[in-house]
Amino acid sequence: MAESDLLAATAAETAALIEGNEVSRQECLDIWLERTAADDLNGYLWRADAESAVGSVDQEAQDPVAGVPLAIKDIFCTTGVPTTAASKILEGYRPPYDATAVARLASAGVPMLGKTNMDEFAMGSSNENSAYGPALNPWDRSRVPGGSSGGSAAVVAGGLAPWALGTDTGGSVRQPAAFCGVVGLKPTYGSISRYGMIAFASSLDQCGPITQDVTDAALLLARLEGRDEMDSTSTGIEGGIALPSAANLNGLKFGVPADLVGEGVDPGVKAVFDRTVERIEGLGGTVETIALPHAKHGISAYYVLAPAEASTNLSRYDGVRYGQRASDRDLASMYEDTRGDFFGPEVKRRIMLGTYALSSGYYDAYYGRAQRVRTKIVDDFNSAFAKVDFVITPTSPSVAFGLGEKTADPLTMYMTDLFTVPMSLAGIPAISIPAGMATPEEGGTAMPVGFQIAAPAFGEQKLLEASFALEKAIAFDNGGGRI
Amino acid sequence: MIEREQVLHVARLSRLKLDDDEVSRLETELSSILDHVDRLAEIDIEGVEPTSHVVPLENVLRDDVARPSLDRDVALGQAPDPVDGAFRVPSPQAEG
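Line by line, the protein sequences are chains H and A. When you read off a place in the first sequence, starting at 1, and then add 659, the result is the number in our numbering. When you read off a place in the second sequence, starting at 1, and then add 1, the result is the number in our numbering.
This is the structure we're talking about:
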């Protein structure tokens, strides 16, 4: 087996190479460690090496994916390994415990390649809010990889990891997957434990796989999902997750929310979306227009609810128990200086927004109202799923934008999550699969376009089957190769 | 519209030190974000229950059995200033 074959293999293919004794688990890890050492995308904030990876190749592990190494977003606590959520406030922090998602993969014998770059505390849509500089999009290094799991998407797309873990609060797995041309799955809220995932907005945060194809997403989800006594909001997917094998979409109904997918979508993205709709019909599925009348208000509701939850979650960074401390003059100054010196601009903006929305006199007008609008969005999806099996949209209104292009205007940046936020508010599973390429509005290199499919809560298996059939058709249309 | 005084008040509530540039920038940015958010006022929410948790959950209970937690030294191990088995902080009485 040539080394280049291993580096180009999906996780499932790598598992088959290990199973067929074409490569040992140790050789596989060594090849990948050498590869990650050449990270030129700023995709990793910390990389494992031969020494730190000792013991991570478990010869006794029985799981077929044992030995297939994985990159982990730096938001997951990893025992003894630096965990910063890309924030200066946690610089040097080495957690004394593992996140449940990390522990489950370790017990399956999956070694960790490193911790990936991200927007600070997962706040962002471009990875430009990382205190350690943005990860770069491997398709065009002058463009962002998307956020907040930008590092995870960049390393998978750039051939620096076979697969990766990300987290999605308002689209942070799906949008970077779309921008980098890989698969990103946000499961139903609560289906993967949040224990040990550094909290941003607790009613929305969800761990999700970022992989080269749908099969790998299913392999990873099957090992991550399930009830965890360390997270009382965690649930399990009934019957677990099986590998998808659907060849067509016969009898399945797909709904396009006309009031959401309208103006503001780049023509190149719209063309790929329309072509994918035709592919669905070619595979035996039917596509119809549905109404999600409140989904367009998702961004407004999200930017009240998520910052409100963030302002409470981030109150724990006070310079007392972990992380950095700025001054020691008096107690109030210690808190204010520590938070003022070590939080980045986007984190401060959201803490301020959240504190304002929760403050006396504004709570009902903002937080209470946003929670009620969230109910309307949930009701819209319930009505839609009474008529169709899936809701489809482009993953993002545009392809990956240029570094620095949207940083000056937070609101414009927030709008890039227009299509992903409603599913997060409703807690339902949604996946982004690469559907084609489009040239950016302003010209330049053609960039990947993501296609988003959402299903009812706990409909992961159906979602994976439909995505799998569609993925095969897209690859076939492109001549059978990967995009 | 958010005024400078409101920004300073919210910064105090948030325990965030902000410099002058940050205060002016936040005046503009928070105003523009809240203008957008104010569109929520157009939606009829009469009689609508708020959603705080999207997936129906029964109470999650376990037997009330004492179990070991993090070892004290491990818990203190990441603190910026641990001393004698405790987190050292400035005296609250010394506040100006």
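Each residue gets a CB set at the ideal place from its N, CA and C atoms; glycine is no exception.
Run of the alpha helix (DSSP H) containing residue i, from where it starts to where it stops
i          : result
Lys-1121/H : 1119–1136
Gly-768/H  : Per DSSP, Gly-768/H belongs to no alpha helix (DSSP H) and is neither H nor E.
Phe-1110/H : Premise fails: Phe-1110/H lies in the beta strand (DSSP E), 1106–1113, not in any alpha helix (DSSP H).
Phe-1040/H : 1028–1044
Ile-731/H  : Here Ile-731/H belongs to no alpha helix (DSSP H); instead the beta strand (DSSP E) covers 729–732.
Pro-1081/H : 1080–1085
Thr-1071/H : 1069–1073
Arg-694/H  : 684–695
Leu-665/H  : 662–667
Arg-13/A   : 5–15
Thr-743/H  : That residue, Thr-743/H, is in no alpha helix (DSSP H); it is neither H nor E in DSSP.
Ser-32/A   : 21–38
For residue i, the first and last residue of its enclosing beta strand (DSSP E)
i          : result
Val-946/H  : 945–949
Leu-704/H  : 703–706
Ala-67/A   : Counting along the chain, Ala-67/A falls outside any beta strand (DSSP E), and DSSP gives it neither H nor E.
Gly-1061/H : Here Gly-1061/H belongs to no beta strand (DSSP E), and DSSP marks it neither H nor E.
Pro-723/H  : Segment: none, Pro-723/H is in no beta strand (DSSP E) and carries neither H nor E.
Pro-1053/H : 1049–1053
Ser-1091/H : 1089–1097
Val-915/H  : 912–916
Under 8 Å between C-beta atoms of residue i and residue j
i          : j          : result
Ser-766/H  : Gln-834/H  : no
Val-803/H  : Asn-786/H  : yes
Val-682/H  : Leu-729/H  : no
Phe-1110/H : Ser-1091/H : yes
Gly-806/H  : Asp-827/H  : no
Val-90/A   : Met-993/H  : yes
Ile-46/A   : Arg-1028/H : yes
Pro-741/H  : Ile-34/A   : no
Thr-1052/H : Leu-911/H  : no
Val-1037/H : Ala-837/H  : no
Gln-1030/H : Phe-1001/H : no
Gly-1086/H : Thr-759/H  : no
Pro-755/H  : Gly-86/A   : no
Val-716/H  : Leu-878/H  : no
Thr-775/H  : Asp-757/H  : no
Ser-1057/H : Val-928/H  : yes
Trp-822/H  : Ala-985/H  : no
Asp-1048/H : Lys-1121/H : yes
Ala-967/H  : Tyr-1021/H : no
Ala-906/H  : Ala-1128/H : yes
Nearest-angstrom Cβ-Cβ length linking residue i and residue j, presumed shorter than 8 Å
i          : j          : result
Asn-701/H  : Leu-764/H  : Not a contact, Cβ separation roughly 24 Å.
Lys-845/H  : Pro-1115/H : In fact, because the Cβ distance is near 14 Å, the residues do not count as touching under 8 Å.
Asp-842/H  : Gln-871/H  : According to the sequence as given, residue 842/H is Val; it is not Asp. With a Cβ gap of about 7 Å, Val-842/H and Gln-871/H count as contacting.
Gly-957/H  : Pro-1099/H : That belief does not hold up - the Cβ atoms of Gly-957/H and Pro-1099/H are roughly 25 Å apart, past 8 Å.
Glu-940/H  : Val-946/H  : 6 Å
Gly-855/H  : Phe-735/H  : 6 Å
Ala-894/H  : Ser-861/H  : Here residue 894/H is Thr; the residue named in the question, Ala, does not match the sequence. The Cβ separation is near 15 Å, so there is no contact.
Thr-695/H  : Leu-819/H  : 6 Å
Leu-883/H  : Lys-732/H  : About 13 Å separates the two Cβ atoms, so there is no contact after all.
Leu-908/H  : Leu-964/H  : Rounded, the Cβ-Cβ distance is 34 Å, inconsistent with contact.
Leu-27/A   : Met-782/H  : Going by Cβ atoms, the distance from Leu-27/A to Met-782/H rounds to 15 Å, so no, they are not a contact pair.
Arg-998/H  : Arg-16/A   : 6 Å
Gly-1143/H : Pro-81/A   : What is shown of chain H runs 660 to 1142, which leaves residue 1143/H out entirely.
Lys-1035/H : Ile-44/A   : 7 Å
Val-8/A    : Leu-31/A   : 7 Å
Ile-857/H  : Ser-811/H  : Incorrect: roughly 15 Å between the Cβ atoms, too far for contact.
Cys-687/H  : Leu-665/H  : 7 Å
Phe-1078/H : Ser-1042/H : Actually they do not touch by this definition, with Cβ atoms about 19 Å apart.
ask   = Relative to chain A, which residues along the stretch 957–976 of chain H have a C-beta separation below 8 Å, given in chain order?
value = Ile-958, Ser-959, Ala-960, Tyr-962, Val-963, Ser-970 and Ser-974
ask   = What alpha helix (DSSP H) runs, 4 residues minimum, are completely inside the stretch 828–898 of chain H?
value = 833–839 and 873–883
ask   = Using a beta-carbon distance cut-off of less than 7 Å, what residues from the stretch 848–876 of chain H approach chain A?
value = Tyr-848, Gly-849 and Ser-862
query = What residues in the stretch 63–80 of chain A have a beta carbon less than 8 Å from any beta carbon of chain H?
reply = Arg-63, Leu-71, Val-75, Ala-76, Gly-78, Gln-79 and Ala-80
request  = With 7 Å as the limit, tell me which residues of the stretch 1010–1024 of chain H have their beta carbon closer than that to any beta carbon of chain A; keep them in chain order.
outcome  = Ile-1010, Met-1011, Leu-1012, Thr-1014, Tyr-1015 and Ser-1018
inquiry  = Ignoring anything shorter than 3 residues, give me the beta strand (DSSP E) runs that lie fully in the stretch 751–834 of chain H, in order along the chain.
reply    = 771–775 and 822–827, all fully within the stretch 751–834 of chain H.
inquiry  = Extract the residue ranges of the beta strand (DSSP E) inside the stretch 936–1018 of chain H, only unbroken runs of 3 or more that lie entirely within it.
reply    = 945–949
message = By the 9 Å beta-carbon criterion, what residues does the stretch 7–18 of chain A contribute toward chain H?
response = Gln-7, Val-8, His-10, Val-11, Ala-12, Arg-13, Leu-14, Ser-15, Arg-16, Leu-17 and Lys-18
task = Give, in chain order, every residue of the stretch 993–1012 of chain H whose Cβ lies closer than 9 Å to some Cβ of chain A.
result = Met-993, Tyr-994, Glu-995, Asp-996, Thr-997, Arg-998, Gly-999, Asp-1000, Phe-1002, Pro-1004, Lys-1007, Arg-1008, Ile-1010, Met-1011 and Leu-1012
request  = Note down, in chain order, all residues in the stretch 724–753 of chain H with a beta-carbon under 8 Å from any beta-carbon belonging to chain A.
outcome  = Tyr-752 and Arg-753
key: Interface residues of the stretch 1049–1080 of chain H facing chain A [CB-CB below 7 Å]   = Residues Pro-1069 and Leu-1070.
query = Name the residues in the stretch 24–41 of chain A whose C-beta lies less than 7 Å from a C-beta of chain H; which are they?
reply = Within the stretch 24–41 of chain A, Leu-27, Glu-30, Leu-31, Ser-33, Ile-34, His-37, Val-38, Arg-40 and Leu-41 place their CB atoms closer than 7 Å to a CB of chain H, listed in sequence order.
message = Please list, in chain order, the residues of the stretch 686–702 of chain H that have any C-beta partner in chain A closer than 7 Å.
response = none
task = Return the residues of the stretch 910–933 of chain H that lie within a Cβ-Cβ distance of less than 9 Å from chain A, sorted by chain order.
result = none
task = Could you please tell me which residues of the stretch 45–61 of chain A, in chain order, have their CB closer than 8 Å to any CB of chain H?
result = Ile-46, Val-49, Glu-50, Pro-51, Thr-52, Ser-53, His-54, Val-55, Val-56, Leu-58 and Val-61
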